[in-house]
Each structure stands twice: as structure tokens, then as C-alpha cells.
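Peer 1: In my numbering, each number is its position in the sequence shown, counted from 1, plus 35.
So that we are looking at the same thing, I have put the structure below in C-alpha cells.
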Amino acid sequence: MDAVAIPQAEAERMRKLRGRGRYTADEVFTGALYAVFVRSPHARARLVSIDTTQAAAMAGVVRVITSQDCVEAGLRNFPVIDRVGKGLIIPFRPILADTEARHAGEAVACVVAETQAQALDAAEAVLVDYDPLPAVIGIAATLADGAALVHSGTPGNVALRHEAGDADAVAAAMRDAALVVETRIDLPRLAPVTLEPRAAAARWDAAAGVCDIRVPHQGVNEIRRDLAACFGLPPDRFRVLAGEVGGGFGPRNIAYPEYAAVALAARLTGRPVAWHGTRSESFLTDIQGRGVHLHGRLAFDAAGVATALDITYDNDLGAYISPVAVFAAVHNPLQSLIGCYAIPAAHAVFRMVHTNAVPTGPYRGAGRPEMALLVERLMDIAARRLGIDPFTLRQRNAIPSEAFPFLLPSGARYDSADFARLLRTAHDAADWDGFAARKADAAARGLTLGRGMALFIEVSGGGGAPDEAALTLSAAAGQPLLRIETVTASTGQSHPRTFALIAAPRLGLPETAITLVASDPGTTLSGAGSYASRSTIAAGSAVAQAADAIAVRLRDLAALRGNCAAEEVRLADQAAHRPDGSVICGIADLLTQPIAETGRVAPSNAFASGCHVTEVAVDRETGVATLTRYVAVDDAGVTIDHQAAEAQIHGGIAQGVGEVLGEDYVIEPDSGQPIAATLQDYMLPRANDLLEYRVIECNTPSPANPLGVKGIGEAGTTGALCAVTSAVADALDGAGLPAMPFTPMRLWQAMNQSVIAGGGKPEGVSHAI
């Protein structure tokens, strides 16, 4: 349970920095057994037989669970959010592989023993007879004629084809265009690499039929939803205990098969069961990000005004459909289909395809960075072809501020933005016009300097159910104390301080008087978790609503004492004041009994935007790319906690830089074996890859919620992915880009060959990433 008072914030940070945080694996129920999973070494194989006899007889082993136990327990499919289009084919995902293993690392058995060491030994004694089958790895392979089917019930491995926009209008505009630019972008899979590997601990109260389960998560209600659907029980049969969470990024807003298996093991054995996943297991089984192939065409008239956009968006779902994968991969891109530009006609085709790899799902940005990258690359290519400065072309095409709210061809509606101001601010702050001198200086040192920019907008907020926040104001030792309860989980977003900053001025309280309780296991509050840049929009608005309701009651009580109208009472400095400033009484004096109110707000979308500019120096001798300048100008609506907002942008930029310059979850195409599944092989961004960013707020309040806020959690990743890619392309001087990520080897080859290895083509023709 996240209960943090504001004065403790600095102490909390230092405690974690010193390695004293308490995470899921640190909290084991008394008398717990330990679970270890037997996993498939094959990307695709028929399970001929599983012999557990020897393992079951080993010292300390209490039970060996297979798919047969799951069937007998009546375990069902995890729910899949299906709110986009029609015709989504949802295959069954067994908790433990039944007749066939469909990706390397898929769990086929669960060994439960008295100690973890005993469970590990016994897991090696489980004999699985595999019949390896041909695997399909990657989007191109799975869509090829004659490709093996990942699921027999999914023809062509396409789980969903969804079309949006006006194809006829786009075709007509393309025919009449003075210029059509085109690009193809392949974004590799990304491993989330949270600091805390996944883990689970479960215990059943047999009499009550209730399961206590502790897992690292981003929202208590999402874990309840998934486990309840799997077990066929009401959600209130699962009490999700929330400890500290070592990273979220999207993959932790769902339940995993291992969580259900651990819960089942606890029920079958009648004892608590714990599972502590390893870093290797996280690489093999955590929901991954991206894995997207994009193709786009953008048409312009003779004046350099964009007239039509046509895109194809192919998404690698992996072997199964994780609960929100399809929704995020289709809904989020459609919310910003045309980027920041007044493009009158647009058309998009989405294909969600299966491969024999670990499932994908939302990862920081979740469809937003992908769409922004496609549109921004097309804009850069067009600027080069037209001989126009990239800022100028964007200014010419940006939606004017007076046009908001703005309806997109996809049906989405932007709430507010001022793109012209974002562009001006970023242009000046980055000293765009002084680039030539810096480029010449870099060249003298053997470096090729490139500059890049990105103008982007992305949806934030949303959610399936209304968000609630319960506030209780009471008095203790003559001092007012406010308790805030929400269901959204903090994974580093500074919720305690942010929510306190919302409530404190409304009630005349200091931040020190406020405590946040998040994800209480017994909560009955409605609401969604911390993802989609939604926490302040949703839970924050509910906090404000409840605080305002308490303030009304306090003013009514104070007015009776102060012989004045309630609307004249001002709450400040822990006291109620008359219009002349005199004190009526302390707020604590009004609290003869606690005052409780619950705020409830419906889901709403707000659109954050930004303009990021960066410069990247590429060493001609080594191909190493180094960031030398980064300016982030962001519109978060109304900023509640400036420090937390900037920290979110910093973290997002780091992940965006990592994606462009190094991260790539490589899977060997023939065997389906991951070959970048350790921290030695998977290239994460490091401190020396980054630099001091300049972050500037350039806000336009959102009319979509009472606080006027917009989400900021994804913005850094979206801006960095686009801007750094643009800068690298500029450093290569239009020759084209190699495959992402832009590793030193690929950049060296690109700079030292007239035609890029791997089939790159000159920019503006059929630009291939």
C-alpha cells in the first residue's frame, strides 16, 4: 500500500537510492512455498508428453502443476479489450502450454517446493518431449504466402484488419498532388527491462474464498479484472496487495499467466506460494513494445501544403493477444493520425498479426511515438525535397490555435494546442539558426553533426470506467489531517505530492497534512491504473472534485460560527477566514467528526503536445552517435508539479534515445531463439549516452477536465524517438537511414558506402528505415 506523507518524500527517495526499497520479492507470506517454471526452449513445438514423476518424488516438492491441472480448475482466457473495429480473432492463451508451445520461454509446467533451490532442482527433472515445428518470426515472415499458422483459427496469421478514414478522398488527392513523399519504417521489438523483475506471492483464504495476491503492477483493478476472468470469479475475490513497484512503462497494467499459476498453486496446495522471476525470465516473457512496420505516403500541393496522408500499420502481436495490445495499437495511433497538421484527407489500414514470439503490448507511448515518427519523417523528407527549412514547412501546415477543438479525419478531436508557439519557442531555445557554426566546429574534430526536430501531439487520459478518489478530513491533536485514497498506482510518478498539491490549496491545508493511500487491497473504488498518461487527468480531477465538496461543507460550518455567508469564507493557513481576513476558527475546530467525500469523474481525453529539437554528432571513424544538444518544449495543459513533470520528460527522453541508438530485442529468424536477452546483449541507454536537457513549459489548458491538465508521461519518448531519428538522418545528409536502431556499425556503414547496406535508398524516393 502506497501511504506516503509529503515531509517523507525526500527520505523516501533516499531510501530507494540506498537499496532499501521493499518490492514484491521482499514480501513473502509466512510459510510460503516457492514456485519455479519449466519453460519451452523452442519457439514452436508440439508437446508430445510431460513426465513429472521424477520431479514430484524429489525432496521438498509439494506439487507439479501442468495444463491438465489448469483445465480441471476451469481456468479461462484472460480478457482482451476489444473496442476497435470488428472481427478480432482472439485465440485461447493457456496458463501453462497445453498441446503446443508457441514462443521460446512459454511456461509448460510449474514446480512447487518448500524452498526455491528444491523447486529449481526439481524443474530440471521435469521431462518434456518436444516435437519442434517451423516457427514464424517477424511481420514479413508471418504474412508471407504459405507461412505456418501460429493459431489454426487465425487465417493468414492476421488477427485483425482495421481500416479508418476516407480511401477515395486520399486517392484523389494523391493523383492531384504536386509532390508525394513516401517512407517505410521498421521499429524493432523492445524489452521493457524494468528495474524490478516480475514476481508474485499468493495465498487463499479457503473459508472466504478470497485470494490475496502481491504482484508489481500499475493498477489494482486491472489485475483483479484479469485474474477474476481467468478463474471465473467475481473481482472482489482477489485482494491485490500493492508494494513498491520498480518500473512500469505499460507492461505491468495486466496480469500474466505466471500470476494465475501462482494463485492456482496456492489454492491447490492450501499454502501461500511465491515466485521470484529472474532477469532472464523477464527478457523471455515480459510484454514487449513496438515490433511495428509502418508505411506512409504524404501528398502536397504546389504551395507545399499537405493534402492527404495514407498509412499502413502492421503490428507484431506475438504468440498471443495481451489484454490491451490491440486496443493500444489501433486506438492510440488513430487519435493523432495526422499529427499536428491540418491534413484534410487521411486513410489508415491496421493489421494485427501473430508470430512465434513473446506477446507485445503497450510500452511507453503505446502507438503514439510510432505514429508521430511516421508523420514527422514524411515532413522531413518533404522539406528536403522542397528545399524548405523543416521549421518553415511545419509552420505552414500546423493546425492554427484558433481552429481548436479540431476534428480529425479519424473522428478523434484535439482539445487545445498552440503549435505555432511551440515551434517558435523551440526554434529560439535550440539556437536553430546558429547550427552552421556548430556543424563546422564538429567537422574540424572529425564529427558529422546533424540536427533534428519533432512536432507532435498525443492522446492522454481515457480509461474504461469512472475514476474515484475518496477523501477524509479529520482532526488529531488539534491538527487537520487529510487522507486521500485512489486506485491508481504510483510507479515513480510522484502521486503523493501531485495529489497533495491539488487538494491542499482547496482546503487551506499544508501539504504536510496530507497522506495518500493508493491501491488499498480492500478498496471498492472505481478507476483505472497509472498508464496512458492519465493519473492526474483522471484521479487528480476526482481528488479536486472531492476536495471542493469538503471545502463547501467546511465553509458552511464556518459561516455558522462567523456570522457571514458561506461563499465569503476563505480557507487558508489551516483556518477559516472572514472576508476582512480575520480568523473565524481553525479548520480542526470544525471537525467534531470526520468529513468524507468521494470524487467521481468520467473518462476523458486530453491531448499533450510538444516540439523537441536535438543535435547528434556522429564520429566518422567509429560510427558512434552522441547527443550534443536537446531542447524539449512541452504543452502539459496546466502543470501541477513542475519537478515531477520534468522528471517524466527526462525519463521518456532516455527511453526514446535508447530506442533510436541501441535497443533491439533480436530474435534469430530460423530458430526463433532470442539472441539479445541479457543485459550484456541488450543495449540500454546509459548515463554517458545522455546529457543535460533543457525542458521548457509552453502550456495551453485543456477544456476536457476541471484541472486543465494533460498527460506528460509519454511525451519524452515520443519527442526523442522522432527528433533523434531526424538528427541522425540529417547527419547522413539525405543518403538514407540504415535499419533501426542506429548502432555504430550501421552508422559507420551508412557513412562509408554510397548505398546503405541492407537496401537503403535516397531520402525522398522510398525512404527505408
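Backbone N, C-alpha and C fix where the C-beta goes; we use that ideal spot for every residue, glycine too.
Determine, using beta carbons only, whether A243 and D166 come nearer to each other than 7 angstroms.
Peer 2: no
Peer 1: Does I172 come out as helix, strand or coil in the three-state DSSP assignment?
Peer 2: It is coil, neither helix nor strand.
Peer 1: For T753, which residues from the same chain have a beta carbon less than 6 angstroms from its beta carbon, with the 5 sequence-adjacent residues on both sides left out?
Peer 2: G400, R403, P404, A407, F491, E493
Peer 1: So, is R53 buried or exposed, given that buried needs 16 or more other C-beta atoms within 10 angstroms?
Peer 2: exposed
Peer 1: In the stretch 504-561, which residue ranges form an unbroken beta strand (DSSP E) of at least 3 residues, counting only runs that do not cross its ends?
Peer 2: 514-521, 549-553
Peer 1: Just verifying my parser: in three-state terms, what is the DSSP assignment at T304?
Peer 2: helix
Peer 1: Rounded to the nearest angstrom, what separates C265 and L131 at their Cα positions?
Peer 2: Inter-residue distance for C265 and L131 is about 13 angstroms (C-alpha atoms, whole angstroms).
Peer 1: I'd like to confirm the pairing. Which residues does DSSP put opposite T347 in its beta bridges?
Peer 2: H330, V384
Peer 1: Once you ignore the five residues that flank L442 on each side, which residues in its own chain have a CB closer than 6 angstroms to its CB?
Peer 2: R448
Peer 1: Please confirm if the stretch 515-531 is in contact with the stretch 548-562, defined as three or more CB-CB distances below 8 angstroms between the two stretches.
Peer 2: A contact exists between the stretch 515-531 and the stretch 548-562.
Peer 1: With the cut-off set at 7 angstroms, would you say G496 and N640 are in Cβ contact?
Peer 2: yes
Peer 1: If you draw a straight line from the C-alpha of D37 to the C-alpha of A574, how long is it?
Peer 2: In this prediction, D37 scores a pLDDT of 39, lower than 50, which makes its location untrustworthy; the coordinate-derived value is nonetheless stated afterwards. Their Cα atoms are separated by approximately 15 angstroms.
Peer 1: Considering R605, what are the terminal residues of the beta strand (DSSP E) in which it resides?
Peer 2: Note, R605: beta strand (DSSP E), 605-607.
Peer 1: Looking only at C-alpha atoms, which of K745, D705, A755 sits nearest to H77?
Peer 2: D705
Peer 1: Out of I688, T526, E656, which one is the CA nearest neighbour of E727?
Peer 2: Checked all of I688, T526, E656; the closest Cα to E727 is I688.
Peer 1: If you count every other CB in all the chains shown that lies within 10 Å of the CB of A785, and 16 or more means buried, which is it?
Peer 2: buried
Peer 1: DSSP state of V185, grouped into three classes?
Peer 2: Here V185 sits in coil by DSSP.
Peer 1: Taking its Cβ as the centre, do 16 or more other Cβ atoms sit within 10 Å of S102, making it buried, or is it exposed?
Peer 2: buried
Peer 1: Are S568 and G746 closer than 7 angstroms when you measure CB to CB?
Peer 2: yes
Peer 1: My guess is that V115 and I125 are in contact by the Cβ rule of under 8 angstroms, so how many angstroms apart are they, rounded?
Peer 2: 5 angstroms
Peer 1: In angstroms with no decimal places, state the Cα-to-Cα distance between V730 and G597.
Peer 2: If I take the Cα positions, the gap works out to 47 angstroms.
Peer 1: List, from N- to C-terminal side, the beta strand (DSSP E) runs of 3 residues or more that fit wholly inside the stretch 584-672.
Peer 2: DSSP runs (the beta strand (DSSP E)) wholly in the stretch 584-672: 605-607, 610-612, 618-621, 630-636, 640-654, 660-670.
Peer 1: Can you give me the start and stop residues for the beta strand (DSSP E) that E732 sits inside?
Peer 2: 729-732
Peer 1: Could you please give the first and the last residue of the uninterrupted beta strand (DSSP E) stretch that includes F809?
Peer 2: For residue 809 there is no data in the structure shown, the boundaries of the chain being 36 and 804.
Peer 1: Which partner residues does V494 have in the DSSP bridge list?
Peer 2: F642
Peer 1: Terminal residues of the continuous beta strand (DSSP E) containing V146?
Peer 2: 142-148
Peer 1: With a Cβ-Cβ cutoff of 7 angstroms, do A766 and V653 count as a contact?
Peer 2: yes
Peer 1: For the alpha helix (DSSP H) holding P223, just list the boundary residues, first then last.
Peer 2: No alpha helix (DSSP H) holds P223; the beta strand (DSSP E) holding it covers 214-225.
Peer 1: Can you grab the Cα-Cα spacing for the pair V659 / P720, in whole Å?
Peer 2: 13 angstroms
Peer 1: In the DSSP assignment, what are the bridge partners of V163?
Peer 2: I85
Peer 1: My understanding is that L413 touches T218, with C-beta atoms under 8 angstroms, so please give their C-beta distance in whole angstroms.
Peer 2: 6 angstroms
Peer 1: What's the gap between the Cα of R431 and the Cα of R473?
Peer 2: 27 angstroms
Peer 1: Identify which residue in L458, V119, G697, G743 has its Cα closest to the Cα of A199.
Peer 2: It is V119.
Peer 1: Between the alpha carbons of P379 and P444, how many angstroms are there, rounded?
Peer 2: Distance between P379 and P444, taken at the CA atoms: about 7 angstroms.
Peer 1: Contact check, V636 vs P501 under 8 angstroms by CB: the rounded distance?
Peer 2: About 6 angstroms separates the beta carbons of V636 and P501, which is inside the 8 angstroms limit, making them a contact pair.
Peer 1: Within the same chain, show all residues whose beta-carbon is closer than 7 angstroms to that of A148, passing over the 5 residues directly before and after it, in chain order.
Peer 2: L68, Y69, G95, V96, V97, A154, A157
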